[in-house]
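Notes for the one structure printed next.
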Amino acid sequence: MLKVQEVEGKGKGVFAQCFIPSGTLVCVGCPIEVTSMRTEHSFQVDWERHVELDEPARLINHGCDFNLVIRDNELGGYSFYATRDILVSEELCWHYGMTEALSIAVQSCRCRSAHCEGRSLGFTEMSKVKQEKLHQNGVANYLSKWYIGQARELNILRAS
Numbered sequence: 115m116l117k118v119q120e121v122e123g124k125g126k127g128v129f130a131q132c133f134i135p136s137g138t139l140v141c142v143g144c145p146i147e148v149t150s151m152r153t154e155h156s157f158q159v160d161w162e163r164h165v166e167l168d169e170p171a172r173l174i175n176h177g178c179d180f181n182l183v184i185r186d187n188e189l190g191g192y193s194f195y196a197t198r199d200i201l202v203s204e205e206l207c208w209h210y211g212m213t214e215a216l217s218i219a220v221q222s223c224r225c226r227s228a229h230c231e232g233r234s235l236g237f238t239e240m241s242k243v244k245q246e247k248l249h250q251n252g253v254a255n256y257l258s259k260w261y262i263g264q265a266r267e268l269n270i271l272r273a274s
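Numbering (this note's numbering), first residue to last: 115 to 274.
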């Protein structure tokens with residue numbers, strides 16, 4: 115269902131080998147290492163905890179106009195779900211702000227999206243509008259709790 119291949123200017127990326135319908139579980143990221151420090155391919159799972167996930171999860175690139183969202187999984191990593199129908203040969207991508215409070219990963223974004231932000235932004239760095247959009251799609255549980263707390267304090271939490 116997935117293929118890892120080189121992407122010009124990005125290194126490796128993950129691509130759909132078949133049509134993937136919206137809502138499909140695309141990839142389950144299993145932790146292979148837990149650390150308190152960021153690494154080149156780590157995913158933040160709590161304020162001071164990061165995990166290295168197995169492949170292909172660790173190779174899914176950032177995209178400002180993402181086609182995957184994440185959900186915490188029972189393994190201590192993240193599972194990736196299609197936010198819309200994904201076509202054959204389309205690169206899979208997710209917004210790094212779905213797991214990272216502060217993002218240092220992509221200083222110069224190469225997603226080529228019309229909605230490109232220029233670099234990956236961490237969830238706490240984004241505007242409230244962008245935070246709400248990502249929160250509605252799917253962010254890490256620790257960021258969701260933080261967002262709901264902030265929204266309640268500011269009295270901006272919208273009814274779900």
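Positions of the beta carbon are idealized from the N, C-alpha and C atoms, including for glycine.
- Across the set 159, 127, 115, the C-alpha of 159 shows the shortest separation from the C-alpha of residue 254.
- Residue pairing from DSSP leaves residue 250 without any beta-bridge partner.
- Going by DSSP, residue 157 is part of the beta strand (DSSP E) stretching over 156 to 160.
- Taking the CA atoms as reference points, residue 126 sits about 32 Å from residue 242.
- Relative to the Cα of residue 168, the nearest Cα in the group 262, 161, 157 belongs to 157.
- Sixteen is the threshold: when 16 or more other Cβ atoms of the shown chains lie within 10 Å of the Cβ of residue 165, as they do, the residue is buried.
- The continuous beta strand (DSSP E) containing residue 192 extends over residues 192 to 196.
- Using a 10 angstroms sphere on the CB of residue 133, the tally of other CB atoms stays under 16, which defines it as exposed.
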